[in-house]
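Novice:
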Amino acid sequence: MTVVITGVGAVSAFGLGAGALFAGLAAGRSGISRIRSFDASTFPTRVAGEVPVVDADAAWLASMIGDVPLEPGMLRDRKIGWGLVAADEAWRMAGCGAGERGAALVVALGLEQAFLEDLVPIFDPVARTIAWDRATPDLVFRTPVDRCARAIHAHLDLRGPMVVNASACAAGALAVAHAASLIERGAADVVVCGGADAMVNPLGLGGMCRLGAPSPRDALDACRPFDRRRDGLVIGEGAAMFVVERADRARARGARPLATILGWGSTQDGYRATAPRPDGAAAQRAMARAIARSGLPVDAIGYINAHGTGTPLNDPAEARAIRGVFGAHPVAVSSIKGAVGHLMAAAGAIELAASLLAFERDLLPGTANLEERDPECDLDVIGPAPRAARVDAVLSNSFGFGGQNASLVIARPA
Amino acid sequence: MVARAWRTPLGDTIDGAMARLYAGERAAMTDPRIGYACTTIAPIRGEPAHSRQARFLGRMGLYGLEVAAEALAASGIAGGPRIGVFCGVGGLRAHWEDMMAAFSNQDDAGERMWERGLKDIHPYWMLRHLSNNVHALASATLKLRGEGATFGGANAGTQAIASASRALADGAIDAALVIAYDSLLEPETLVELGARRSATRVPLDRLVAPYASDAAGFVPGEAAGAIVLVREAEAPLAWLDARDAAGDADTLARCAGALAAGATVVAGSGRAWPDLDADERETLAALVGDDATLVAPSAAMGQLGAATGVIQAIVLAEILRGKTLPPIAGLSSPAAGPLRPVIRTSSTEARIALGVHVTDPGLASAIRVSV
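In order, the protein sequences belong to chains A and B. Per this note's numbering, residue 1 is the first one in the first sequence, and the count goes up by one each step. Per this note's numbering, residue 1001 is the first one in the second sequence, and the count goes up by one each step.
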C-alpha cells in the first residue's frame, strides 16, 4: 500500500507556515536570533531558533486559526500554539474536511512545560520546599504531557485514536513512521502526524545550559553542523505537522501528494544514556532498515537530511553511519539545525518538512554556518547555500538522546 | 507474554500481589503528608533498590528500570539487535525536589532567572527530566538494540503494548520489552486531582469501592510494570492488542468494540463515580453482553495512570491462567446495572478478557488478553 503526504504545516524560526520555512531555506538564510520571549540576558546561551512571535497568546492564536478552548495559562507552553497552527495548516493544505474526521493523530511532544514563576509564590525559603498546601487553583504548575495533542484533536474535531510519542529527539520521525505504519496495516485511512516542541523558556534553556549541550558561544552562528569548529547545538522551537493517507484515497478525493513515504527504520544504540555510539552502528542499521523497507537501492537516495546537531560527538558518529550504508556512493548531506536550531521532539518533523523542498523546488537545503568541514565527517556536506539538484528519494535521520535512532525514506510522488 | 514483573501498591511480586488481590484487600492508606485535598492514596510501599542510575532517574523511573531487568531476566531472552523496547510514561514532570536551588532567589517578575538560581540546579537535572530516560537506560543496560519508542500520556502504557505488538507482527523484532510506569501521587498531581474532584476526597475509613451506588471518587495510585512479548507462534500464552482514542462513552465503545469479541471477563476502569461507572457498564454490556463478569484491579491498587494497560495485562493473564476471579475490593453491594461485578473470589473458565481504561480528560484505551 502506498502512503503519501498530502498536507504540511510548519512553525519555525523562519516564521509561521511551511512557505516561510521553504523560503528561508531556499534563500540560505538562518532564523537564529537573540531570545526575545523571556529575559535571557543572564543565561550563558542567549540565542535560539525562536519562533518570531513574542506573545503567542489566545488573541494571537485566534487570529491564526480561530478560537480554541484551552484552560487559562496553557498557551504559556508555546508548543501548544505551534502544534495547533501547524496542524491547522496541514489540514487545510490537504483539503481535509468531514470525510477525514476519522483520522488518527500521532504527535511527538516534548516535556511537560513547568512554570517556574507559578512555583515562586509558594516556595518556602526556610524549609526549602514547595508549600503545596498554599497552592491555589489559579496557579498553573505545568501543562499535561498530551495537552497539545488533545488541543489538536479537538480543534480538527477528529474521531480517531490519539497517540503521543515522547521519544526525545527521535520522536518526530517516529511519529511519522507510526502514522505510515497505521495506514499500511489498514488501521487508519488518514493520519495527522508530526511534532511540536518549545524549550526556549527559562527551565528548558537553563536545564540544557547546565547539561552543557548548547554551544558556549553567544553568537548567531553558534551551531555549525559538520564543521571542524563545531562546539554544540542551538535550541530551537516550533512544529511541523503532516496529513498522510493512502495514495488511492488521496487520488480519489483530488488531493495533491507532496511525497510518498516509502520506508522507516528504528533502532536503539544500547550504549549510553549520555552519548551516541561512536561507531554509529545502530544508526547505520536504522538507515539500512528504512532503505530496505522502501524497496529502493541505496544509490537511489539522492539526499540525506542529517540529524547533524553540531555537537562534537553526534556528527562524526552519524558520518560513520552514513558511510557504513552508502560506502563510496556519493550522496548529498545537510543539516538545517544551524538555521532553525534543534527542535528536540519536533526535530524529525521539521526536518522532514524541510526535505520536501527537494521535491517542491528541486533544492537541497544548505548547512548554515559550515565553513570548514571536519575531516572526521567525510561526506558530501552541502555548504550554507542550498544546492540545486533534482533528486527522487530522500533519507531523513533523527537520533534521540539516549540512543534512539529513527530514519525515514520519502520519494518524489509519482 | 512470556514474562512479567511489577511494583504495585499491593506488593512487589506477581504472586504476592495477586494473593492480596484474590483476598479482596485494598492497598489504600492515609497519606502521611499533609495539606492535600486527597488524603487517601495507594502508594508502592518501600523504595527502589539502590542504583547508580539514580543519577538519571527519579523514584518511579528506578522502579521502571527494576521491573524491566526483572522481566527480561525471567524471559530468558538476551538482548540484541532483534529485541525492542517500548515505554509508556504518564507525565514528564519537573522533579521539584531537584529544583530547590532554582527557587532560592527568584522574584515574581521572572527576571534574571539564571542568576537567581537556575545556574545552581544539578547538571543532570535535565537528564532526570528527559522523556525517554528509562527507555535509554533499559536499552543501554540490557543491550536492547531493536525497534522502540516511548509514549506519553494517560494511555501511554497501552500505546507501548500496541506499538510492540505491531513491531512483532511486522517481523521487525523477535521480542519486545514493554515498560510502563506512572504515579498519581506527586504533589502537583494531587493538587490537580483534588481541584478537579476526580479522585476521592473522603478519608480512608469512609472509602467506597467503584461500582457501588455511593462511590465518591477513585484512589490515586502508582505502579511500574514490564512484560516481555514474543510472536504468538513462539509462545502461545497470551496475545494482546490495543486501540485507543479520545472521547467519551462512544469512544470507549469504538476502541473496545474492536477487541471485545468473545470476551467474558472485563476489567473496568473503576473511576468510582456512580454516573461514570454506570455509563461504562452500559457501554461495555453492549459489547460483551449483560452477563459478562466485571472485575476492577483499580479498586485494590488505585488508579495507575499510564501504567494501567501493562498492569491490567498482567492481572488478566493471571486471572485467565489461574481460572480465578478476584473480588472488587471493598465492594459488597454493587449498584444496579448490567455486567456482573465480582464481590467474592470465584472460579472461571473464561479464555478471553478485555481490559479498559478511561481517564478523566476523556481518553479511552483497551487491551484484549487471551489464553
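Beta carbons are placed, not taken as given, at the ideal position from N, Cα and C, and that holds for glycine.
1. Does DSSP put residue 1022 of chain B in a helix, a strand or coil?
2. Say whether chain A places a C-beta atom closer than 8 Å to the C-beta of residue 1126 of chain B.
3. Measure the C-alpha to C-alpha separation of residue 68 of chain A and residue 156 of chain A and round it to an integer number of angstroms.
4. Quick one: is residue 273 of chain A near chain B, going by C-beta distance under 8 Å?
5. Of all the options B:1220, B:1249, B:1371, B:1275, which has the alpha carbon lying nearest to the alpha carbon of residue 1351 of chain B?
6. What residues are listed by DSSP as bridge partners for residue 1174 of chain B?
7. Using a Cβ-Cβ cut-off of 8 Å (strictly less than) and excluding sequence neighbours within five positions of residue 1127 of chain B, which residues of its own chain qualify?
8. Kindly indicate which three-state DSSP category residue 316 of chain A falls into: helix, strand or coil?
9. Assign residue 1 of chain A to one of two classes, buried (16 or more other C-beta atoms within 10 Å of its C-beta) or exposed (fewer than that).
10. Looking at C-beta atoms only, is the number of pairs between the stretch 278-292 of chain A and the stretch 191-200 of chain A that lie closer than 8 Å three or more?
11. Short check: CB of residue 1272 of chain B to CB of residue 1210 of chain B, under 8 Å?
12. Do the stretch 213-224 of chain A and the stretch 151-165 of chain A meet, that is, are 3 or more Cβ pairs less than 8 Å apart?
13. Could you give the first and the last residue of the continuous beta strand (DSSP E) run that contains residue 19 of chain A?
14. Just to confirm the assignment: which complete beta strand (DSSP E) runs, minimum length 3, are found wholly within the stretch 179-243 of chain A?
15. Quick check: is the beta carbon of residue 1161 of chain B nearer than 8 Å to any beta carbon in chain A?
16. Name, please, each residue of chain A whose Cβ falls closer than 9 Å to the Cβ of residue 1104 of chain B.
17. Which chain B residues sit within Cβ distance under 9 Å of residue 185 of chain A?
18. For residue 1281 of chain B, count the other beta carbons within 10 Å of its own beta carbon; 16 or more makes it buried, fewer makes it exposed. Which is it?
19. Would DSSP call residue 1106 of chain B helix, strand or coil?
20. Put residue 1149 of chain B into one of helix, strand or coil per three-state DSSP.
21. Any idea what DSSP makes of residue 1351 of chain B, helix, strand or coil?
22. Would you verify that the beta carbon of residue 1151 of chain B is, or is not, closer than 8 Å to some beta carbon of chain A?
23. Quick test of your reading: residue 1144 of chain B and residue 1079 of chain B, contact by CB under 8 Å. State the CB separation rounded to the nearest angstrom.
24. Which residue from B:1050, B:1015, B:1260 puts its Cα closest to that of residue 1366 of chain B?
25. Between which residues of its own chain and residue 25 of chain A is the CB-CB distance below 8 Å, once the five residues before and five after are set aside?
26. Of the residues A:193, A:412, A:360, A:352, which one's Cα is nearest the Cα of residue 398 of chain A?
27. Kindly give me the distance between the Cβ atoms of residue 421 of chain A and residue 259 of chain A, rounded to whole angstroms, as I take these residues to be in contact under 8 Å.
28. Out of A:299, A:349, A:310, which has the shortest C-alpha to C-alpha gap to residue 332 of chain A?
29. Compute the Euclidean distance between the alpha carbons of residue 1120 of chain B and residue 40 of chain A, then round it to the nearest angstrom.
30. Per DSSP, which residues does residue 363 of chain A bridge with? Please list them.
31. Within this structure, are the beta carbons of residue 1357 of chain B and residue 404 of chain A separated by less than 8 Å?
32. Across which residues does DSSP place residue 11 of chain A in a beta bridge pair?
33. Along chain A, in chain order, which residues have C-beta atoms closer than 9 Å to that of residue 1140 of chain B?
34. To the nearest angstrom, report how far apart residue 1012 of chain B and residue 313 of chain A are at their CA atoms.
35. Rounded to whole angstroms, what is the Cα-Cα separation between residue 213 of chain A and residue 193 of chain A?
36. In whole angstroms, what separates the C-alpha of residue 131 of chain A from that of residue 1199 of chain B?
Specialist: According to the structure data:
1. helix
2. yes
3. 10 Å
4. yes
5. B:1371
6. BP columns for residue 1174 of chain B are empty, so no partner.
7. 1055, 1056, 1133
8. helix
9. exposed
10. no
11. yes
12. no
13. Counting along the chain, residue 19 of chain A falls outside any beta strand (DSSP E), though it belongs to the alpha helix (DSSP H) covering 18-26.
14. 190-198
15. no
16. 123, 125, 128
17. 1166, 1169, 1170
18. buried
19. coil
20. strand
21. coil
22. yes
23. 5 Å
24. B:1260
25. 14, 336, 339, 354, 357, 363, 365, 366, 386
26. A:352
27. For chain A, the structure presents residues 1 to 414; residue 421 of chain A sits outside this window and is missing.
28. A:299
29. 16 Å
30. A:388
31. no
32. A:16, A:239
33. 268, 269, 270, 271, 272, 273, 402, 403
34. 40 Å
35. 28 Å
36. 21 Å
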